[in-house]
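Read top to bottom, the protein sequences are chains A and B. According to the working numbering, the first sequence is numbered sequentially starting from 46. According to the working numbering, the second sequence is numbered sequentially starting from 46. For every residue, glycine included, the Cβ atom is placed at its ideal position computed from N, Cα and C. Everything below concerns the one structure shown next.
2 protein chains.
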Amino acid sequence: METGLPKFDSAFSIDCVIFGFEAGELKVLLIERNEDPFKDWWALPGNMVENNESIEDAATRILYELTGLHDMHMEQFHTFGAVQRHPLGRVITVAYYALIRIIGQKEVKPVTKYAKKAAWRSVNELPKLAYDHSEIFETSIQKLRRRLGYQPIAFELLPEKFTLTQLQLLYEAILNKKLDKRNFRKKMLSYGFLKELDEKQKGVSYRAAKLYKFDRRKYYKIFQNDLTPEN
Amino acid sequence: METGLPKFDSAFSIDCVIFGFEAGELKVLLIERNEDPFKDWWALPGNMVENNESIEDAATRILYELTGLHDMHMEQFHTFGAVQRHPLGRVITVAYYALIRIIGQKEVKPVTKYAKKAAWRSVNELPKLAYDHSEIFETSIQKLRRRLGYQPIAFELLPEKFTLTQLQLLYEAILNKKLDKRNFRKKMLSYGFLKELDEKQKGVSYRAAKLYKFDRRKYYKIFQNDLTPEN
Numbered sequence: 046m047e048t049g050l051p052k053f054d055s056a057f058s059i060d061c062v063i064f065g066f067e068a069g070e071l072k073v074l075l076i077e078r079n080e081d082p083f084k085d086w087w088a089l090p091g092n093m094v095e096n097n098e099s100i101e102d103a104a105t106r107i108l109y110e111l112t113g114l115h116d117m118h119m120e121q122f123h124t125f126g127a128v129q130r131h132p133l134g135r136v137i138t139v140a141y142y143a144l145i146r147i148i149g150q151k152e153v154k155p156v157t158k159y160a161k162k163a164a165w166r167s168v169n170e171l172p173k174l175a176y177d178h179s180e181i182f183e184t185s186i187q188k189l190r191r192r193l194g195y196q197p198i199a200f201e202l203l204p205e206k207f208t209l210t211q212l213q214l215l216y217e218a219i220l221n222k223k224l225d226k227r228n229f230r231k232k233m234l235s236y237g238f239l240k241e242l243d244e245k246q247k248g249v250s251y252r253a254a255k256l257y258k259f260d261r262r263k264y265y266k267i268f269q270n271d272l273t274p275e276n
Numbered sequence: 046m047e048t049g050l051p052k053f054d055s056a057f058s059i060d061c062v063i064f065g066f067e068a069g070e071l072k073v074l075l076i077e078r079n080e081d082p083f084k085d086w087w088a089l090p091g092n093m094v095e096n097n098e099s100i101e102d103a104a105t106r107i108l109y110e111l112t113g114l115h116d117m118h119m120e121q122f123h124t125f126g127a128v129q130r131h132p133l134g135r136v137i138t139v140a141y142y143a144l145i146r147i148i149g150q151k152e153v154k155p156v157t158k159y160a161k162k163a164a165w166r167s168v169n170e171l172p173k174l175a176y177d178h179s180e181i182f183e184t185s186i187q188k189l190r191r192r193l194g195y196q197p198i199a200f201e202l203l204p205e206k207f208t209l210t211q212l213q214l215l216y217e218a219i220l221n222k223k224l225d226k227r228n229f230r231k232k233m234l235s236y237g238f239l240k241e242l243d244e245k246q247k248g249v250s251y252r253a254a255k256l257y258k259f260d261r262r263k264y265y266k267i268f269q270n271d272l273t274p275e276n
């Protein structure tokens with residue numbers, strides 16, 4: 046492409062924060078880098094945007110190359126552009142996040158050699174990440190916390206049928222605080238968007254708990270009003 | 046800076062969507078460009094990010110240069126990165142928005158020659174904007190619409206004391222639809238976050254309407270709950 050712009054020693058990249066919920070823990074998908082800078086460090090799946098692809102296409106491609114995951118709805122949440130954030134040049138990065146249901150069913154394995162491996166890590170035990178990825182992760186979880194109050198994100202992470210204990214563990218993980226069990230259940234059930242099923246947990250050695258489903262229609266009816274145009 | 050990155054013919058820019066409310070109309074701040082490409086077109090205030098400044102610093106600088114406005118809280122809302130969005134090269138743009146109170150009191154005048162002038166334009170009568178700025182504007186107003194349901198943004202645009210008619214005009218402008226006057230007033234007053242003042246509009250030739258104030262503390266009490274960690 047002919048260009049009238051000054052040549053910048055600059056580029057842009059994509060970084061992806063993929064959240065999943067498994068065994069009572071909120072997890073995030075990381076890769077172990079195989080290249081300098083930050084060789085052998087854990088990082089968010091991310092890479093450079095090519096000159097001939099939109100940032101949305103780049104996000105899909107990069108996530109696939111580094112984790113083998115595809116067909117995932119990712120949402121852009123923030124762009125990070127501190128001057129010194131990349132040791133090799135001026136790189137601003139557009140960050141996306143996604144919520145996935147039942148992470149055990151998704152195989153995660155890098156397609157390129159750029160990453161040694163990909164793995165789910167509990168958000169409570171994250172190592173120091175490469176670049177400014179710890180800051181990017183922190184921003185994404187703050188975003189998640191805010192959305193918890195007005196969007197049904199918890200139900201995108203849980204299996205279709207879940208127990209109230211699972212729901213509480215997920216809220217606690219996102220909010221990063223313990224909640225009172227009695228109050229939590231009372232409050233959650235009082236909204237009316239949880240549908241009690243005539244089914245119990247299977248395959249547990251302890252006392253099986255009741256299963257619930259999420260009634261999305263009721264949720265929106267409660268939390269939206271006629272002054273709110275969109276969900 | 047020594048760099049190991051490939052040289053990209055690329056750059057990043059900032060665009061600002063500044064909303065104001067005046068005389069019953071929702072307005073946005075535009076500049077008339079003085080340079081190619083898009084000479085003489087109307088555009089959002091925007092320009093390139095320098096290599097030695099963060100994107101936040103660039104946003105503040107660029108808004109000041111193009112409109113004379115400063116000390117404004119702007120919030121990043123989306124980054125636009127279609128391949129062909131800039132005719133001169135690959136440029137992705139980070140978009141910010143801000144809400145300003147009482148726009149008549151803010152002088153808007155470009156500091157640089159890059160823009161011929163800056164002016165408030167009603168969102169209902171916008172010309173076709175330069176670059177993909179019409180799309181950026183459309184995205185910003187969708188964002189505003191969504192936030193109207195759970196954040197007190199209307200009250201950041203209105204003067205401290207306002208009439209219910211002003212409030213309704215603002216809601217109508219943001220939602221882009223007519224609302225029933227009776228239902229709107231009933232609903233708004235039922236929340237309890239509007240405080241009726243012992244004062245009426247001044248300087249109007251028609252029947253003066255009652256003035257109201259917004260009770261922010263009550264608003265948050267109503268729309269937040271103990272499962273919502275932040276405002």
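Other residues of its chain near residue i: CB distance less than 7 Å, five sequence neighbours each side excluded
i, result
"A104 (chain A)", "I59, C61, M119, Y141"
"N221 (chain B)", "none"
"N79 (chain A)", "K158, Y159, A160, K161"
"V94 (chain B)", "F57, S58, I59, I100, A103"
"S179 (chain A)", "K173"
"K84 (chain B)", "R78"
"E241 (chain A)", "K255, Y257"
C-beta neighbour in chain B for residue i, strict 9 Å
i, result
"R135 (chain A)", "yes"
"H123 (chain A)", "yes"
"G126 (chain A)", "yes"
"V139 (chain A)", "yes"
"I267 (chain A)", "no"
Beta-carbon proximity list for residue i, same chain, < 8 Å, skipping 5 on both sides
i, result
"R230 (chain A)", "L209, Q213"
"V128 (chain A)", "R135"
"Y251 (chain B)", "none"
"V153 (chain A)", "L74, T112, G113, L114, A163, A164, W165"
"E217 (chain B)", "K223, L224"
"P155 (chain A)", "I76, E110, L111, T112, G113, K161, K162, A163"
"K226 (chain B)", "Q213"
Beta-carbon proximity list for residue i, same chain, < 6 Å, skipping 5 on both sides
i, result
"T138 (chain B)", "S58, D60, F125"
"L189 (chain A)", "I219"
"E70 (chain A)", "S167"
"P132 (chain A)", "P82"
"R192 (chain B)", "I198"
"I63 (chain B)", "L74, A143"
"A253 (chain A)", "K245, Q246"
Cβ of residue i within 9 Å of any chain A Cβ
i, result
"S55 (chain B)", "yes"
"Y195 (chain B)", "yes"
"V153 (chain B)", "no"
"L272 (chain B)", "Unreliable placement is indicated for L272 (chain B), whose pLDDT of 49 sits below 50; the coordinate value is still reported in the next sentence. Output row for L272 (chain B): interface = yes."
Candidates the options, of which the one nearest residue i by Cα
i, options, result
"Q121 (chain A)", "A:T184, A:L193, A:A88, A:L256", "A:T184"
"T157 (chain A)", "A:A127, A:R106, A:N169, A:G248", "A:R106"
"Y109 (chain A)", "A:N96, A:H123, A:N92, A:P172", "A:N92"
"D81 (chain B)", "B:Y176, B:I145, B:A127", "B:Y176"
"D243 (chain A)", "A:N96, A:V136, A:K206", "A:K206"
"D267 (chain A)", "A:G65, A:E95, A:M233", "For the sequence presented, residue 267 (chain A) should be read as Ile rather than Asp. Residue A:M233 is the option with its Cα nearest to I267 (chain A)."
"D116 (chain A)", "A:I100, A:I145, A:Q129", "A:I145"
"I100 (chain B)", "A:S179, A:E170, A:S250, A:H123", "A:H123"
"L111 (chain B)", "B:L224, B:P90, B:I198", "B:P90"
"F238 (chain A)", "A:K263, A:K255, A:L256", "A:K263"
"I198 (chain B)", "B:A254, B:Y236, B:A143", "B:A143"
"F259 (chain B)", "B:Q246, B:L202, B:K84, B:D85", "B:L202"
"Q246 (chain B)", "B:N228, B:Q211, B:L215", "B:Q211"
"E170 (chain B)", "B:Y236, B:R227, B:R130, B:W87", "B:W87"
"K151 (chain B)", "B:R192, B:E241, B:G65, B:E98", "B:G65"
"E98 (chain A)", "B:K72, B:R261, B:R227, B:R130", "B:R130"
DSSP beta-bridge partners of residue i
i, result
"E120 (chain B)", "B:Y142"
"F259 (chain B)", "B:L239"
"W165 (chain A)", "A:L74"
"F229 (chain B)", "Partner(s): none; F229 (chain B) has no beta bridge."
"F64 (chain A)", "A:V73, A:L144"
"W87 (chain B)", "B:E77"
Proximity test, residue i beta-carbon vs the ligand MG heavy atom, cut-off 8 Å
i, result
"R166 (chain A)", "Looking for the ligand MG in the displayed structure turns up nothing, as the structure carries no ligands at all."
Residues within the region 89-114 of chain A neighbouring chain B, beta-carbon criterion of under 9 Å: M93, V94, N96, N97, E98, S99, I100, E101, D102, A103
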